[in-house]
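Take a look at the structure below.
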Amino acid sequence: MGSLIAIRYDRASGLSLLDQRKLPFETAWLPTPTPQDAWQQIKDMVVRGAPAIGVTGALSLASHLTRNGGGKQYSSVAAVVEDVEKTMDYLVTSRPTAVNLADSATKLKAVARQAAAAEGATPESVTAEVVAAAEATLEEDIAANKAIGAAGAKALLDAVAARGRTRSGGKVRVLTHCNTGSLATAAYGTALGIIRALHDAGALEHAYCTETRPYNQGARLTAFELVHDGLPATLICDSAAAALMGAGDVDAVVVGADRVVANGDTANKIGTYALGIAAAHHSLPFFVAAPTTTLDASLPSGAAIVIEQRPPEEITHFRGQRVAAEGIGIWNPCFDVVPGSLVEGIVTERGVVPRDHDSGGHAVRAFMGALGLWSPPAASGNGNGNGDAAADGSAAAEGGDEPKAVLGRPLGEEGVRGYVAARPALAEKVGPPEGAADWQVEVRADGNINFVYLVTGPAGGLCVKESLPYVRCVGESWPLSRDRCRIEAEALRLQHALASAHVPRVFHFDGGRSLIAMEYVAPPAIILRHGIVAGLIYPRLAGHVAAFLAATLFNTSLLALDSRAFSGCGSALQGGAVVVNV
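The UniProt record's numbering puts the last residue of the sequence shown at 582; the count rises by one with no breaks.
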């Protein structure tokens with residue numbers, strides 16, 4: 001049998017994705033001609049696994065750019081950059097926990113901006129550079145996975161030997177969770193790639209995979225891959241893992257990751273945390289396998305990771321038939337977070353992340369800094385400090401005179417200036433950072449819940465919205481979840497994609513700070529309720545509201561979506577702001 005792949009792409013035929021929902025019963029490929037198709041198929045888990053999602057997002061952009069004219073469709077280089085940024089920002093909303101997708105977005109937007117700034121740049125030249133960078137993600141991921149396999153096999157064998165658990169012939173028994181193989185990546189796999197490397201070296205005695213409820217990625221996909229490759233393997237129930245360890249049948253655990261943050265805390269498929277606890281209890285080495293694109297040095301700890309909720313039907317229904325009692329409440333998080341202190345080693349294509357012996361976690365920032373993959377914001381302290389973080393990977397990596405943030409207190413006028421100036425992608429919307437002291441910052445008192453700042457300068461302006469853990473107009477005596485900021489950012493991004501004429505564009509979302517930086521709608525535009533209170537007549541208001549409602553409600557309803565996609569849209573449509581052009 002040939003090698004398993006989940007992603008097909010070439011410029012002539014575009015992007016196609018293997019429908020993993022139908023495995024192992026049926027092999028079906030779905031054409032994915034547009035970013036909207038890619039967004040839906042990521043959301044619906046046609047494609048899954050953080051590396052595969054990142055590659056899918058990049059190739060969706062490449063297909064979008066080449067199939068629509070290869071640059072000829074744009075009137076200017078600025079139009080190319082705007083389309084790249086808008087497309088990637090939209091795609092990121094499909095799966096915010098998977099940092100590889102945000103990483104692809106950040107890198108491709110940077111490629112577009114750099115190409116546009118080159119002397120003699122044309123729409124065609126900028127498009128060509130972005131497409132080349134997007135297409136390179138496929139081969140880069142495969143090469144990274146094979147390097148992870150080699151490094152991980154050695155690290156795992158060394159850790160098992162150090163505990164005196166190596167079996168006859170130097171072989172080991174390894175447990176894995178979810179699917180981290182060719183179906184979750186461009187090819188070969190991360191954690192499953194390590195198991196493949198052990199097998200190729202003659203060091204694998206047996207592999208165990210969990211079923212991975214409720215979506216059964218282990219039973220449907222990992223078992224499929226293990227059988228396909230002829231590896232000695234056994235499928236177990238999730239709840240049997242600790243008993244299997246207690247029976248002495250496991251020597252090590254290796255899992256993948258959707259996001260690894262600065263201290264080594266790791267977000268992965270729900271159930272991973274339980275495996276980490278069980279492995280620690282039985283003194284078994286617990287490894288995380290992830291490419292460097294999955295490392296997110298911007299977040300200080302796992303507490304800042306946004307955990308998605310999946311549709312309740314994944315638990316209550318089986319093959320369309322309800323199997324749980326009506327009226328029962330459902331809690332269905334897609335991921336959980338394993339503390340870095342439970343992780344023996346984080347294996348990347350560039351080596352194993354060293355431990356931070358002071359904290360008991362891992363020195364992700366120092367590791368990435370040494371590789372030139374991360375540099376701290378000016379005020380974030382040392383390489384392993386707990387500086388502010390952007391959950392979308394867009395926190396500043398350059399200098400800038402940014403003040404040290406104190407979570408729970410508003411940034412204020414000076415803090416907002418420093419925050420924007422320290423982030424080049426935001427500063428360019430306002431003016432040169434060295435002139436930040438002259439920027440105008442207006443603190444708006446209109447909102448009852450959030451702090452709102454209008455930042456203006458010679459290049460234009462930004463609207464910055466900051467969500468503190470309480471209601472603004474009352475104070476700390478009325479606590480309120482900061483996750484409202486994430487919900488609003490997701491809603492705005494989706495609504496802007498569907499009705500861009502009526503919804504301001506989100507340029508930046510900072511999950512650690514609970515902050516949104518978005519398009520500034522300049523005067524003579526005013527807040528609508530102020531005009532209504534003043535008795536102004538808006539003859540086009542009804543038409544614009546109707547157009548917004550039609551575009552957003554229809555395209556997020558069961559008229560346009562299947563039931564699974566409709567359920568998945570819920571978390572992204574719990575907030576938002578509308579601009580009515582009157």
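Note that beta-carbon positions come from the ideal geometry of N, C-alpha and C, so glycine has one too.
Small disclaimer: the values here were computed from a predicted structure and weren't measured.
When secondary structure is reduced to three states using DSSP, W39 falls in the helix class.
In this structure, Y215 places its C-beta atom within 8 angstroms of the C-beta atom of M45.
Note on geometry: alpha-carbon atoms of D200 and K146 lie some 12 angstroms from one another. Between T176 and P51 a beta carbon distance of about 15 angstroms is seen, past the 8 angstroms cut, so the two are scored as non-contacting. G264 and G361 have their C-alpha atoms spaced approximately 5 angstroms apart. With contacts defined as CB atoms closer than 8 angstroms, L204 and V174 qualify as a contacting pair. For N555, the enclosing alpha helix (DSSP H) has its first and last residue at 541-555. Looking at the backbone, the Cα of V441 and that of A262 are separated by about 32 angstroms. Counted as a single uninterrupted DSSP element, the alpha helix (DSSP H) harbouring A147 occupies residues 123-162. Going by DSSP, S477 is part of the beta strand (DSSP E) stretching over 475-479. Secondary structure of P433 (DSSP, three-state): helix. Secondary structure note for I346: it is in no alpha helix (DSSP H), and the uninterrupted beta strand (DSSP E) holding it is 345-348. In this structure, G193 sits away from A252, with a CB-CB distance that is not shorter than 8 angstroms. V80 and L226 have their C-alpha atoms roughly 43 angstroms apart. In this structure the stretch 296-303 does not lie against the stretch 312-319, because fewer than three pairs of beta carbons, one per stretch, are closer than 8 angstroms.
Annotation for R444: the continuous beta strand (DSSP E) segment containing it runs 440-444.
Secondary structure note for V260: it is in no alpha helix (DSSP H), and the uninterrupted beta strand (DSSP E) holding it is 259-261. A contact is defined here as three or more CB-CB pairs under 8 angstroms, and the stretch 56-65 meets this definition with respect to the stretch 134-146.
For H64, the enclosing alpha helix (DSSP H) starts and ends at 50-67. Contact check for V506 against L528 fails: the beta carbons are separated by 8 angstroms or more.
Short of 6 angstroms from the beta carbon of L231, and not among the five residues preceding or following it, lie these beta carbons of its own chain, in chain order: H199, A207. Pairwise C-beta distances place the stretch 459-469 in contact with the stretch 506-517, as three or more of them are shorter than 8 angstroms. If you look at E119, you'll find it isn't in any alpha helix (DSSP H); DSSP assigns it neither H nor E. By the neighbour-count definition (other C-beta atoms within 10 Å, threshold 16), P523 is an exposed residue. Contact annotation: the stretch 29-46 does not touch the stretch 242-260, with fewer than three C-beta pairs closer than 8 angstroms.
Taking a contact as a CB-CB distance under 8 angstroms, the pair P354 and I270 does not count as one, their CB atoms being some 28 angstroms apart. Boundaries of the beta strand (DSSP E) harbouring H206: 204-210, taken from the DSSP string.
For R173, no alpha helix (DSSP H) segment is defined; the enclosing uninterrupted segment is the beta strand (DSSP E) at 172-176.
Separation of S94 and G164 (C-alpha to C-alpha, rounded to the nearest whole angstrom) is 45 angstroms. Note that the C-beta distance between R259 and V99 is below 8 angstroms.
With contact defined as three or more Cβ pairs closer than 8 angstroms, the stretch 4-21 and the stretch 29-36 are in contact. For I516, no alpha helix (DSSP H) run applies; the uninterrupted beta strand (DSSP E) run containing it begins and ends at 515-519, by DSSP. Under the three-state reduction of DSSP output, V471 falls in the strand class.
The residue from A62, I195, L541, A112 with its alpha-carbon nearest to that of A233 is I195. Rounded to the nearest whole angstrom, the CA to CA distance from G69 to E308 is 36 angstroms. Restricting attention to P96, A437, S63, F25, the CA atom closest to the CA of E414 is found in A437.
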